[in-house]
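*Asks:*
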Amino acid sequence: MTGLATSSIDRLGRLLDKLTAGDGFALLDEAGVAAFADAPGACALLFVEDPASVPESWDVGVVLPEVLKDLGHPCRTGVVTPETGRTIRGRYGFSRWPAAVFLRDGGYLGAIEGMKDWSVFVSEVRAILSGPVRRPPGIGVAVHSDRESPSCH
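Spelled out as structure tokens, the structure:
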């Protein structure tokens, strides 16, 4: 393994350690995400990438726990490993890393992509957590049929 690859793994490891040991986030693989998301109450899933390639992952990993503490809203928190995140991101319709996805009782509330200013982050999290469950957005994949017709039927 090269020094760069080792450094990259170390950065990701430090981020995951900070979130799990330091902030009490659950570390989730694909099966864990499903069980965590379906549990009663509100939850936040933080989808991170390697901070070496997506530095905002570290920023959001520092800010999100503080925003949630400041809001005082009861919310379970989990961090999704990059490998799992790449596999399941389509369920939640986000296109930019990192992403904080919010759910309630298994239903989608909303997502915040990338890093925001503190006041914007707080405002968006508050609005999402107080909003209704809704359908996750699509990821923008166009669907075409070989038998397209100009009419509806």
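Per numbering that gives the first Met the number 0, residue 0 is the first one in the sequence shown, and the count goes up by one each step. Every residue gets a Cβ at the ideal spot worked out from N, C-alpha and C, and that includes glycine.
1) Can you give the beta carbon distance from Gly-113 to Glu-55, rounded, assuming they're within the 8 angstroms contact cut?
2) Using the beta-carbon count (16 or more within 10 Å), is Val-119 buried or exposed?
3) State the DSSP-derived secondary structure class of Arg-95, mapped to helix, strand or coil.
4) Taking contact to mean at least 3 C-beta pairs separated by less than 8 angstroms, is the stretch 101-109 in contact with the stretch 52-71?
5) On the DSSP bridge list, what partners appear for Ala-36?
6) Of all the CB atoms in chain B, is at least one closer than 7 angstroms to the CB of Leu-108?
7) Measuring CA to CA, which of Ala-43, Thr-80, Val-79 is closest to Pro-64?
8) Starting from the C-beta of Ile-87, find all residues in its chain whose C-beta is less than 8 angstroms away, skip the five residues before and the five after it, and write them out in chain order.
9) I'd like the span of the beta strand (DSSP E) that includes Val-78, first residue to last.
10) Give me the DSSP bridge partner(s) of Phe-101.
11) Between Ala-41, Tyr-91, Ala-98, which has its C-alpha nearest Pro-73's C-alpha?
12) Please work out which residues of its chain come closer than 7 angstroms, Cβ to Cβ, to Asp-58, disregarding the five sequence neighbours upstream and downstream, and give them in chain order.
13) By the DSSP assignment, the alpha helix (DSSP H) with Leu-70 in it spans what residues?
14) Are Val-66 and Val-121 closer than 7 angstroms when you measure CB to CB?
15) What does the alpha-carbon distance come out to for the pair Trp-96 and Ala-38?
*Replies:* In short, the structure shows the following:
1) In the sequence shown, the residue the question calls residue 113 occupies position 114. In the sequence shown, the residue the question calls residue 55 occupies position 56. The pair is a contact, with the Cβ atoms about 6 angstroms apart (cut-off 8 angstroms).
2) As a working note, residue 119 is residue 120 in the sequence shown. With fewer than 16 other CB atoms across the displayed protein chains lying within 10 angstroms of its CB, Val-119 is exposed.
3) Residue numbering aside, residue 95 sits at position 96 when the sequence shown is read from its first letter. The DSSP-derived three-state label of Arg-95 is coil.
4) The stretch 101-109, when compared against the stretch 52-71, does not touch it at the 8 angstroms Cβ threshold.
5) On the sequence shown, position 37 is the one that residue 36 refers to. Partner(s): none; Ala-36 has no beta bridge.
6) This model lacks chain B altogether, as it is built from one protein chain only.
7) The residue given as residue 64 occupies position 65 in the sequence shown. If we check each option's Cα against that of Pro-64, Ala-43 comes out closest.
8) Sequence index remark: in the sequence shown, residue 87 carries index 88 (1-based). Within the same chain, Ile-87 has close Cβ partners Glu-29, Val-32, Val-79.
9) Taking the sequence shown and counting its residues from 1, the one referred to as residue 78 is at position 79. Note, Val-78: beta strand (DSSP E), 75-79.
10) The residue labelled residue 101 in the question sits at position 102 within the sequence shown. Residue pairing by DSSP puts Phe-101 in a beta bridge opposite Ala-43, Gly-109.
11) For this step, residue 73 is matched to residue 74 along the sequence shown. The alpha carbon of Pro-73 has as its nearest neighbour, out of Ala-41, Tyr-91, Ala-98, the alpha carbon of Ala-41.
12) Counting from 1 along the sequence shown, the entry for residue 58 is found at position 59. Counting only Cβ-Cβ distances below 7 angstroms, and skipping sequence neighbours, we find Met-114.
13) One-based indexing of the sequence shown puts residue 70 at position 71. Looking at the DSSP string, the run of the alpha helix (DSSP H) that includes Leu-70 is 55-70.
14) Within the sequence shown, numbered from 1, the residue matching residue 66 stands at position 67. Within the sequence shown, numbered from 1, the residue matching residue 121 stands at position 122. The answer is yes: Cβ separation under 7 angstroms.
15) Residue 96 sits at position 97 when you count from the first residue of the sequence shown. Residue 38 sits at position 39 when you count from the first residue of the sequence shown. The straight-line gap separating the alpha-carbon atoms of Trp-96 and Ala-38 is approximately 25 angstroms.
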